[in-house]
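From first to last, the protein sequence lines stand for chains A, B, C, D and E. Read the first sequence against our numbering and you will find it ends at 284, with the numbers running on by one and no gaps. Read the second sequence against our numbering and you will find it ends at 539, with the numbers running on by one and no gaps. Read the third sequence against our numbering and you will find it ends at 870, with the numbers running on by one and no gaps. Read the fourth sequence against our numbering and you will find it ends at 1201, with the numbers running on by one and no gaps. Read the fifth sequence against our numbering and you will find it ends at 1527, with the numbers running on by one and no gaps. Yeah, the Cβ is synthetic: ideal placement off N, Cα and C, and Gly gets one too. Everything below concerns the one structure shown next.
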Amino acid sequence: MGLAAREARLGWGLAAPALAWTGAFFVLPFAVMLALSFARMEGRAVVPALDPGNYLRIATEPAMAGALANSIEIALTVTLISVLLAYPLAAIVAFLVPRRWQRLALVLAVLPFWTSYVVRSYAWLLVLGQKGIVNGTLEGLHLISAPLEIAATRSATVIGFVHFFTMLLTLTIYASLVQMPPNYARAAADLGAGRWAIFRHVILPLSLPGVVTGAFLTFVLCIGDYITPQILGGNAELTLPQLIMLQLGRSGNFPLASALAVALMGVVALAYAAAFRWLRIDRT
Amino acid sequence: MRPLAWAYLAAAYAFIFLPVVVLVAFSFQDGRLPVPPLRGVTLDWYAKVLSDRAVVAALWNSLAVAAVSSLVALVLGFLAAHAFARVRLPGSAALRTLIVAPMAVSSLIIGLGLLSVFNGLGIRPSLVTAGIGHVVINLPLCFAILYAAMGDHQRAAERAARDLGASEARVLWLVSAPMLAPALAAAFFLSLTFSWDEFIIAFLLTRFDVTLPVEIWSMLRSGLSPAINAVGALVFLISAGAVVLAELLLLRRRT
Amino acid sequence: MTAGLTIDRVVQRFGDAVVLPGIDLEIAAGEFVVLLGPSGCGKTTLLNLIAGFAEPTSGRILIGGRDMAGIGPKDRPTTTVFQDYALFPHMTLADNVAFGLRMRGVGRSARRERAEAMLDLVGLSGRGAARPHELSGGQRQRVALARALAVEPEVLLLDEPLGALDLKLRRAMQDELKSIQAKVGTTFVHVTHDQEEAMAIADRIVVMNEGRIEDQGPPRQVYLNPRTLFTAGFMGEINRIPLADGRSPLGPLVPGSGTLCLRPEAIGTEGPIALGQARVLEAAFFGTHVRAHVAPVAAPELRLVVHLPQKALPAPGEVLTLFARDPVVLP
Amino acid sequence: MTAGLTIDRVVQRFGDAVVLPGIDLEIAAGEFVVLLGPSGCGKTTLLNLIAGFAEPTSGRILIGGRDMAGIGPKDRPTTTVFQDYALFPHMTLADNVAFGLRMRGVGRSARRERAEAMLDLVGLSGRGAARPHELSGGQRQRVALARALAVEPEVLLLDEPLGALDLKLRRAMQDELKSIQAKVGTTFVHVTHDQEEAMAIADRIVVMNEGRIEDQGPPRQVYLNPRTLFTAGFMGEINRIPLADGRSPLGPLVPGSGTLCLRPEAIGTEGPIALGQARVLEAAFFGTHVRAHVAPVAAPELRLVVHLPQKALPAPGEVLTLFARDPVVLP
Amino acid sequence: ELNALVWCDHTDPALLEPFETAHGVTVNVKEYEGTAAGLTLLQQSQPGDWDVLVIDAVDVGRAVDAGFLAEMPAEALPTADFFPGLAMEENNTRDGRTYAVTEKFGYNTIAFDRTKVDPADMEDMASLTSGKYDGRIGIYDYYLPVIGLVALGQGIATADITAENLGSLRAPLAALRKAARQVSDVVASQTALATGEVDIIVGGGEWLTAVLMQDNPNLDWTIPRQGGLRWAQSIGVVAGSRNPDLALEFVKYIVSPEGQARLATSSCYWGMPANARAGDLLTDEQKAVLRWDRQPEYLARAQLYPIPDAALDSAMQDMWTEMLNQ
Ligand SMILES: Nc1ncnc2c1ncn2[C@@H]1O[C@H](COP(=O)(O)OP(=O)(O)OP(=O)(O)O)[C@@H](O)[C@H]1O
Ligand SMILES: Nc1ncnc2c1ncn2[C@@H]1O[C@H](COP(=O)(O)OP(=O)(O)OP(=O)(O)O)[C@@H](O)[C@H]1O
Ligand SMILES: [Mg+2]
Ligand SMILES: [Mg+2]
């Protein structure tokens, strides 16, 4: 056997475990759920079929289309805000914090997430409530006369999400900032660029792949999450994952729930296509 | 400019720590409800949690599931990233997309699908099946991080090792893995974080031995309680202590 | 646009380390000065102080008579060609070259025109739409030069711009740098650790060692009449023969005390100074000459390197009678 | 341990591109062969085929008489010194050097001893506990050499190992490579695009161009009697004077037709061939000589490069009478 | 060993340990929430994996339809001692065969903070949408009881809800939503009530307030004039159980006075025991919290959850979804 063939066999051998795992424990279950999304409910029984009815319902029923729209709006808002908050934070850690403290700074940013997602979400409820810390502080400072209604609104959902994803994005953006050779910024300064121009013309474009990778991850994880809108959002509006849970909760409408999940994946696939150009994973 | 930046840093950390401070503070609540006002300070809830066999067992289960599943995801992701970075396999772009695809699919779907597949195979739900599910969601993460981190630098070193007579396994173990140590650590800890907090798959794919999020979920069914805060706080305080200690030791050794 | 440069008792410390203990240097407008010295001697540090990337611990830097204290790189009349080029990978060549003009608020069409002209100057006409990664090392180097020159700096700083190129390309780029400088008239301060490069391009070579200026002058002077042993050794291969009151291990050669320095090409079969007989240890053909290691018969523990004519390839063990010229005696 | 090498009609294609159209080469055991050629001519490709990093499209490679087909790099009796060294950054120098022995199952203490000895050989005794990043470029290069030699390969392959070093260090390392090869006796196949380096170290130079062997032989032969114009130009600067039936723009010089090649150092104020008068265009001091561009009075559109003695620095416009020696006429 | 698929009140060691020691076995419990989740878990299991199932009384029929429950000997169960109407034969039996037995019940009505609202107002559902309490109401996030309550408010008995009259509930449900601040699960509802975020929880009851009593004695609940809903949970033996006898023993233990007393005051949530004889084993304080003495009156005024067929169920769910997204 030639070297090239041996090389290829080795490659397949190394990739095989991951591919096999993905095939057995992802593709197969996913195929089952995909098939289910075309099934029909007759009474309370799931009847196998090739019925696009569930997808038609999603497209036509205002409540479902509305949930889809809410999900996309929230995910986009969260992604945008998180990027705007995380970028300066990552930049400060990368450029202003002394090198030896940078790792500690990052680890500290991750630690709060080693508690418990659910408990943390309830803690947010206390922070954002009418008698919570935020309103208490603002009232104490006489900045507001009546408490702000934050808890049980979309704002609370967004804040809860932003909290988590600011951490995640700080990590990915930081990584793309520190691996940038410092000479680019110097060259720009040397040619007469001020701080803002350096950022705008050099640092920002060069860190874009890291930002987009993190933003994509944020969008995907955010649009698929159930807990934050459920706890913090107070059901002020429904998101797609909540709708999925509702279909499953008592009536067990698996076909519709599966179709909703597939629709969710379709949105993610669109996001993937939009971000594709900049995603690290597909650079060959 | 600089004071502004430091102020921003402080504000950002305040934001990140705000709910955790609240969470920890009310774990000391002397009363049945972890809501303001703080009525007094007690360690009773910690005592209660630590003497609750179910919680302690769930803690260990969670740690085991998170550690083992992250390790498996790391190894699989590492091998696959290595293969794709090194050998030009036909259809490799499509296969790479396939490996990262689970990231885009709701855990609920993965969990339900796995449940029916396992049932079809006659496999009982257990911590092992939950771990398998966690590998499915962590593998894309590990793969993506490691694939992005692999560069010409270690390709050259790997080649040198082969030239000096190293078998493929030893190349991986003695050269590639140590050189990728930072990326491996990052991938491992992110996986650990995700697995630690994962609920839906763990709920669907376990029976009587459950992980911490599932245990917390059932504790929550009887309503909010400082005991639940104490569980979160305990994990936080222990990991924070460990990390800060490790960091200080490392720093001291280096200087 | 060109300006002179004054470096006035400039000291640079990093923590405890004194990297530049005190540099005084005067560079005339339009001069091509090369800073030459071994790795770590402080060349980049000095260049960074001129460019404004760092501020000296003490001392003053004047460009065109204006004190640069407190003025950032953005506002100095200098630009730099970096060793790794630092071309912006996300911009086309034209955008790279026009970047400085854009920062100065020059309009789009004027910018484009000038970028085209600068790419022309460095022999890359018509490549404006390409991206840096499509270029070879030598081409990138030229783009970096064009980018730095596009804003018509008064002083151009070059930090080992040819270090990453292969020898042949390097020699070609040296000729080009020299001719471009002649064309634009800008003051060039060029850093290198390659003495052949320094001699090929410099109006004046400034030899640095451990943060101090060891020697300076036109190439010929620095090469043939070095002020110190360090300079002598750094400018090219050299044979050192100890000398005390005119006496050496080879007998009386020249008057004086210290070290007698002889370049390998100054030793041969004729010349004013008789070195006596020497045994050939090894010899290798070097194209333009044959390079041989020899041991004088009178002092067999001494080793001399000599360049012999192309045709003579002596066998090891052969004994030659050697003469020398151009002696330099240094303390 | 040393072995010869046979490359037998080796062809290498990448997709449609034919990088090596068919190489035949015989290398004797213990020989120091340098593959010389411009960038992209296929040197690294050939070296990779010998090391086993790739397999030829067709043809055979034999080492010590044994066909290497199907044998991976791990099992070939070759080791490589890479251009970027490829040292293992996470291991100490001793561990780097001992790596190959470890792979061969040599015990810990024997390994340590041998690593120490190899570091000794390359002048790094006592540095075994350091890490690669603490070393300068030249030192790293030596560690890479020690690592490759530690396993006593039958053939050592070196891919531009000195490319990243500065000139002075490069010359020093060339001397060292040569003497280490003499000591260990291993066959060395060394790749470079620096013809000075090739001449300094090679027993035999193999000149490559576009995947073919243009010329080969000892340095002197390749330099002074090149077989082709390409070799002549690549081995050093050359003046080309068209020649038809003994007639040239400068009048009759030597018999024959084709191109008369004269090296710059073969032109001067004396010699067997009279070139007539020439006007100096520019001249620069180059240390061992003065390099001047001149235009013959008889053919003012022709440009000649000549090396004049150190002392003569003619002013532009001055007219010299030139003579030449060592003429080579190539078709 | 006994494997039980249960609600969280069955995980209290105080409830399980006496049974475990008496029979020398361990009882493994897995909690679930939502009938569909429980049925899915059963469906995705091998026969013999489960021995005991706890399920919403109104959903016993679904489990029987799916063949998940085994028949129990009716004579072994002390239904005679149950509160009147709690044997719930129409739910727990099919064709004269008993498949499950009621074990615990309580009410979904209106819970409130006595100091913040006028308790008299809470006796009338109309006051919720009168404007007086706008923004101070929380709705429990479960469509069956809340739609049931709304129906009662419109004078429609829960058993009479049909696809035809469901539409008439849309406007009142929307009005309630408009007056409410949030629609949330148990914990968020409790938190909101405890922090004063809201003062009224529609759909709440003793199961919501009992655990908060200690810290906030002002919390109260009532069944308004128009009526309230009664929830009930049943327990049965899973078909195919490997230990049918032990499983039956467990069911008998749960509905015995001892088991009932412990279940009523289980750590997860409190609720009335179905077996009235459990009263002998409860303390006076416990009975006070459970409002033992007022049960006859409550039972008379409360109605069962609606029991929709599949089509009506999904119509209710759609109405609920629409209300959430309004
Ligand atoms: N920021 C710094 N902190 C501490 N020491 C420094 C710093 N920058 C440079 N040095 C030290 O100052 C000395 C001079 O460095 P410099 O980079 O100027 O050398 P150089 O002459 O440019 O060398 P090379 O030819 O290798 O580029 C070195 O010993 C270096 O270690
Ligand atoms: N894997 C490959 N696929 C396609 N073409 C290749 C590949 N490897 C090398 N080549 C081409 O083969 C030719 C020879 O490359 P090679 O690396 O052998 O040159 P080289 O002589 O080592 O040059 P250098 O001095 O720049 O290292 C080049 O034109 C190169 O582009
Ligand atoms: Mg430098
Ligand atoms: Mg090469």
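Since residue i meets chain E, which of its residues come closer than 9 Å, beta carbon to beta carbon?
| i | result |
| --- | --- |
| residue 312 of chain B | The contacting residues do not exist; residue 312 of chain B stays about 15 Å from chain E at best. |
My output table needs one value for residue i: the three-state DSSP class, helix, strand or coil.
| i | result |
| --- | --- |
| residue 1140 of chain D | coil |
| residue 531 of chain B | helix |
| residue 781 of chain C | strand |
| residue 1400 of chain E | coil |
| residue 740 of chain C | helix |
| residue 1524 of chain E | helix |
| residue 316 of chain B | coil |
| residue 567 of chain C | coil |
| residue 887 of chain D | strand |
| residue 691 of chain C | coil |
| residue 1340 of chain E | strand |
| residue 1 of chain A | No answer about residue 1 of chain A holds up, because its pLDDT of 49 lies below 50 and its placement is not dependable. |
| residue 405 of chain B | coil |
Measuring alpha carbon to alpha carbon, tell me which of the options ends up nearest residue i.
| i | options | result |
| --- | --- | --- |
| residue 481 of chain B | A:217, A:181, A:164 and A:195 | A:164 |
| residue 571 of chain C | C:541, C:549, C:653 and C:604 | C:541 |
| residue 563 of chain C | C:577, C:553 and C:589 | C:589 |
| residue 1239 of chain E | E:1249, E:1327 and E:1205 | E:1205 |
| residue 918 of chain D | D:953, D:1120 and D:900 | D:953 |
| residue 450 of chain B | D:995, D:973, D:988 and D:1050 | D:973 |
| residue 657 of chain C | C:691, C:673 and C:629 | C:691 |
| residue 348 of chain B | B:524, B:433, B:493 and B:463 | B:493 |
| residue 540 of chain B | B:503, B:410 and B:441 | As displayed, chain B neither begins before 285 nor continues past 539, which places residue 540 of chain B out of reach and without an answer. |
| residue 448 of chain B | D:1067, D:1141 and D:950 | D:950 |
By the criterion of Cβ-Cβ separation under 7 Å, what are the contact partners of residue i in chain D?
| i | result |
| --- | --- |
| residue 462 of chain B | 960 |
| residue 459 of chain B | 958 |
Along chain B, in chain order, which residues have C-beta atoms closer than 8 Å to that of residue i?
| i | result |
| --- | --- |
| residue 55 of chain A | By Cβ distance, chain B contributes nothing, its closest Cβ being about 15 Å from residue 55 of chain A, past 8 Å. |
At a CB-CB cut-off below 9 Å, which residues of chain B make contact with residue i?
| i | result |
| --- | --- |
| residue 923 of chain D | 443, 446 and 447 |
Residue i touches chain B at which residues, Cβ-Cβ below 7 Å?
| i | result |
| --- | --- |
| residue 44 of chain A | Within chain B, no residue comes near residue 44 of chain A; the closest Cβ sits about 17 Å away, beyond 7 Å. |
What does residue i reach in chain D if we use C-beta pairs closer than 8 Å?
| i | result |
| --- | --- |
| residue 775 of chain C | 1157 and 1158 |
| residue 852 of chain C | 1090 |
Taking residue i as the query, report the chain D residues whose CB atoms sit under 9 Å from its CB, ordered along the chain.
| i | result |
| --- | --- |
| residue 450 of chain B | 944, 969, 970, 972 and 973 |
Along chain A, in chain order, which residues have C-beta atoms closer than 7 Å to that of residue i?
| i | result |
| --- | --- |
| residue 1518 of chain E | 246 and 251 |
Using a C-beta to C-beta distance shorter than 7 Å, which residues of chain E count as neighbours of residue i?
| i | result |
| --- | --- |
| residue 319 of chain B | 1392, 1395 and 1396 |
Could you work out which residues of chain A lie near residue i, taking near to mean beta carbons separated by less than 9 Å?
| i | result |
| --- | --- |
| residue 367 of chain B | 10, 11, 12, 13, 14, 15, 16 and 18 |
Under 7 Å (Cβ pairs) to chain B, residues found in the region 5-32 of chain A: Against chain B - using a Cβ distance shorter than 7 Å - the residues of the region 5-32 of chain A are 7, 8, 10, 11, 12, 14, 15, 17, 18, 19, 21, 22, 25, 26, 28, 29, 30 and 32.
Short-range partners of chain A found in the region 425-446 of chain B, where Cβ spacing is below 8 Å: Within the region 425-446 of chain B, contact with chain A at the beta-carbon level (separation under 8 Å) is assigned to 427, 428, 431 and 432.
Against chain C: residues of the region 167-197 of chain A by CB proximity under 8 Å: Listed by position along the chain: 181, 183, 184, 186, 187, 188, 189, 190, 191, 192, 193, 194 and 197.
Residues from the region 62-73 of chain A in contact with chain E, defined by Cβ distance under 7 Å: Listed by position, the residues of the region 62-73 of chain A near chain E (Cβ gap below 7 Å) are 63, 66 and 67.
Short-range partners of chain D found in the region 725-744 of chain C, where Cβ spacing is below 7 Å: Those residues of the region 725-744 of chain C that come within reach of chain D (Cβ to Cβ, closer than 7 Å) are 732, 733, 735, 738 and 739.
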